[in-house]
Amino acid sequence: MTAEPAPFKPSLVKAVFRDVTPLHVSRSAARAAASVTRTVLTEIIDGTRRVAAEQSRRKLIPGDLISATDRDVELEVGGTWYVHSPTFRSRTGELYDADGALVPLRRRRGPRTPSAVAGAHRFEAGVRKLLRSRGATAVPAMVRDLDGIASVFLTDLARSAAAVVREGGVTRFGTVVLGTPDEAAAPPFPKDVLGTLSTRTGDRRTVGRDDVLAATTMVLFGDLGKRALTEAKVSTRDISASTGNEGDV
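Converting from the sequence shown to my numbering requires adding 12 to each position, the first position being numbered 1.
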């Protein structure tokens with residue numbers, strides 16, 4: 013497998029990490045995080061393209077995103093964005109307080125706008141580049157949703173990677189496996205992958221590639237998670253080979 017160039021620059025990835033952690037981020041970690049984000053956005057775009065194609069359209073609209081995530085639960089990432097996007101207003105539903113009063117949307121969103129939401133515009137160039145690479149176009153509202161999902165997802169990934177460093181590995185309280193009762197359920201990730209990433213080695217001041225890979229197993233599952241791990245490893249292979257150290261800065 014040949015690594016595809018990530019549409020999200022390492023400088024952008026490191027800026028997102030700085031929003032959530034003071035830890036240093038290695039080159040391989042930044043590239044791995046960019047690769048995982050690209051894989052997730054590619055799958056979302058491809059899912060929405062299939063929906064649009066059924067209606068003989070090439071230009072993607074927010075409704076395609078709703079339909080794609082309804083069909084494939086693995087694509088439901090970046091949930092914080094849902095509360096801030098008009099596209100998902102009907103999905104998030106109404107929220108009532110203990111007295112039965114409707115909670116206004118402003119209160120539901122919180123006292124301030126999360127940095128991942130406020131900084132979503134930073135992802136627009138990468139999202140448009142990814143759309144072009146998939147032979148797709150999108151209306152502005154759809155581009156905005158993809159920007160927001162990319163920003164929130166990468167922020168969640170960065171936060172999880174920082175937790176891996178802080179806690180010395182992946183702490184698991186169980187896993188969720190999708191399937192029907194008559195199917196033999198496959199584990200969400202191969203045991204050798206989980207075993208390798210569950211215990212961390214290295215210093216506690218730097219987020220390395222393996223920390224990002226471990227974080228990926230925390231925020232993704234199923235085939236999408238496996239694909240993201242595989243592509244991230246390929247994308248960082250040249251750094252590991254040239255330095256002999258995956259945590260190279």
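We treat Cβ as the ideally placed atom computed from N, Cα and C, and that holds for glycine. This one's a predicted model, so the numbers in the text were calculated from it and none came from an experiment.
Residue 244, buried or exposed, once every other Cβ within 10 Å from all chains shown has been counted against 16: Your numbering for residue 244 matches position 232 in the sequence shown. So residue 244 counts as buried.
Please work out which residues of its chain come closer than 6 angstroms, Cβ to Cβ, to residue 76, disregarding the five sequence neighbours upstream and downstream, and give them in chain order. Taking the first residue of the sequence shown as position 1, residue 76 is located at position 64. Cβ neighbours of residue 76 beyond the five flanking positions: 60, 63, 64.
Three-state secondary structure (DSSP) of residue 35: Position 23 of the sequence shown, counted from the first residue, corresponds to residue 35. Assignment of residue 35 by DSSP, reduced to helix, strand and coil, places it in the coil class.
Any alpha helix (DSSP H) of 4 or more consecutive residues that is wholly inside the stretch 150–189: Counting only runs that start and end inside the stretch 150–189, the alpha helix (DSSP H) elements of at least 4 residues fall at 152–179.
Considering only residues of the same chain and omitting the five flanking positions on each side of residue 161, which have a CB-CB separation below 6 angstroms? Counted from its first residue, the sequence shown places residue 161 at position 149. If you ignore the 5 residues before and after residue 161, its C-beta comes within less than 6 angstroms of the C-beta of 90, 93, all in its own chain and listed in chain order.
Three or more C-beta pairs below 8 angstroms linking the stretch 51–58 and the stretch 28–37: Because the criterion of three Cβ pairs below 8 angstroms is not met, the stretch 51–58 and the stretch 28–37 do not touch.
Three or more beta-carbon pairs under 8 angstroms between the stretch 213–230 and the stretch 34–48, yes or no? Contact between the stretch 213–230 and the stretch 34–48 is present: three or more C-beta pairs spanning the two stretches fall below 8 angstroms.
Closest Cα partner of residue 140 within the set 129, 130, 159: Here residue 140 is taken as the residue at index 128 of the sequence shown, counted from 1. Looking from the CA of residue 140, the closest CA among 129, 130, 159 belongs to 159.
Residue 232 - DSSP class collapsed to helix/strand/coil: Here the question's residue 232 lines up with position 220 in the sequence shown. Three-state result, residue 232: coil.
Residue 149 versus residue 173 - alpha carbon distance: Against the sequence shown, residue 149 aligns to sequence position 137. Against the sequence shown, residue 173 aligns to sequence position 161. Between the C-alpha atoms of residue 149 and residue 173 there is a straight-line separation of about 32 angstroms.
Spatial neighbours of residue 135 within its chain, please: C-beta separation below 6 angstroms, excluding the five flanking residues on both sides. Position 123 of the sequence shown, counted from the first residue, corresponds to residue 135. Excluding five sequence positions before and after residue 135, the CB atoms of its chain that fall closer than 6 angstroms to its own CB belong to 159, 162, 163, given in chain order.
For residue 101, is the classification buried or exposed, using 16 other Cβ atoms within 10 angstroms of its Cβ as the cut-off for buried? On the sequence shown, position 89 is the one that residue 101 refers to. Here residue 101 is exposed: its Cβ has fewer than 16 other Cβ atoms, across all protein chains shown, within 10 Å.
I'd like the list of long-range same chain contacts for residue 126, defined as Cβ closer than 7 angstroms, with 5 residues on each side in sequence excluded. Here the question's residue 126 lines up with position 114 in the sequence shown. Contacts found: 92.
Going by DSSP, what residues sit across from residue 219 in a beta bridge? Sequence index remark: in the sequence shown, residue 219 carries index 207 (1-based). Answer is 37.
Just checking my contact of residue 143 with residue 227 at CB under 8 angstroms: how many whole Å lie between their CB atoms? As a position in the sequence shown, residue 143 is number 131, starting the count at 1. As a position in the sequence shown, residue 227 is number 215, starting the count at 1. Between the beta-carbon of residue 143 and that of residue 227 there is about 26 angstroms, and that puts the pair past the 8 angstroms contact cut.
Mind reading off the beta-carbon distance from residue 166 to residue 18? Whole number of angstroms is fine, and I expect it under 8 angstroms. If you number the sequence shown from 1, residue 166 lands on position 154. If you number the sequence shown from 1, residue 18 lands on position 6. Going by Cβ atoms, the distance from residue 166 to residue 18 rounds to 11 angstroms, so no, they are not a contact pair.
With a threshold of 8 angstroms on Cβ separation, who are the neighbours of residue 36 within its own chain once the five nearest residues in sequence on each side are excluded? As a first step, residue 36 must be located in the sequence shown, where it is residue number 24. Cβ neighbours of residue 36 beyond the five flanking positions: 217, 218, 219, 261.
Going by C-alpha distance, which of 21, 34, 49 is nearest residue 231? Locating residue 231 in the sequence shown gives position 219, where the first residue counts as 1. Among 21, 34, 49, the Cα nearest to that of residue 231 belongs to 49.
Taking the Cβ atom as the reference point for each residue, do residue 176 and residue 235 lie within a distance shorter than 8 angstroms? On the sequence shown, residue 176 is found 164 positions in, with the first residue counted as 1. On the sequence shown, residue 235 is found 223 positions in, with the first residue counted as 1. A distance of 8 angstroms or more separates the beta carbons of residue 176 and residue 235.
Find the nearest neighbour of residue 130 within the set 182, 97, 86, 229, judged by alpha-carbon distance. Looking up residue 130 in the sequence shown gives position 118. Considering only alpha carbons, the answer is 97.
Report buried or exposed for residue 47, applying the criterion of at least 16 other Cβ atoms within 10 angstroms of its Cβ. On the sequence shown, position 35 is the one that residue 47 refers to. It is buried - the Cβ of residue 47 has at least 16 other Cβ atoms within 10 Å.
Mapping the DSSP letters down to three states, classify residue 206 as helix, strand or coil. Here residue 206 refers to the residue found at position 194 of the sequence shown. Residue placement at residue 206 cannot be trusted, given a pLDDT of 48 that sits under 50; what the coordinates show is reported in the next sentence. Residue 206 falls in the helix class under three-state DSSP.
What is the DSSP secondary structure of residue 253, counted as helix, strand or coil? Locating residue 253 in the sequence shown gives position 241, counting from the first residue. Bear in mind that a pLDDT of 48 at residue 253, under 50, signals an unreliable position, so the model cannot answer this.
Quick one: what's got a C-beta closer than 6 angstroms to residue 132's C-beta in the same chain, skipping five residues either side? Stepping through the sequence shown from its first residue, residue 132 is reached at position 120. Hits under 6 angstroms: 159, 160, 163.
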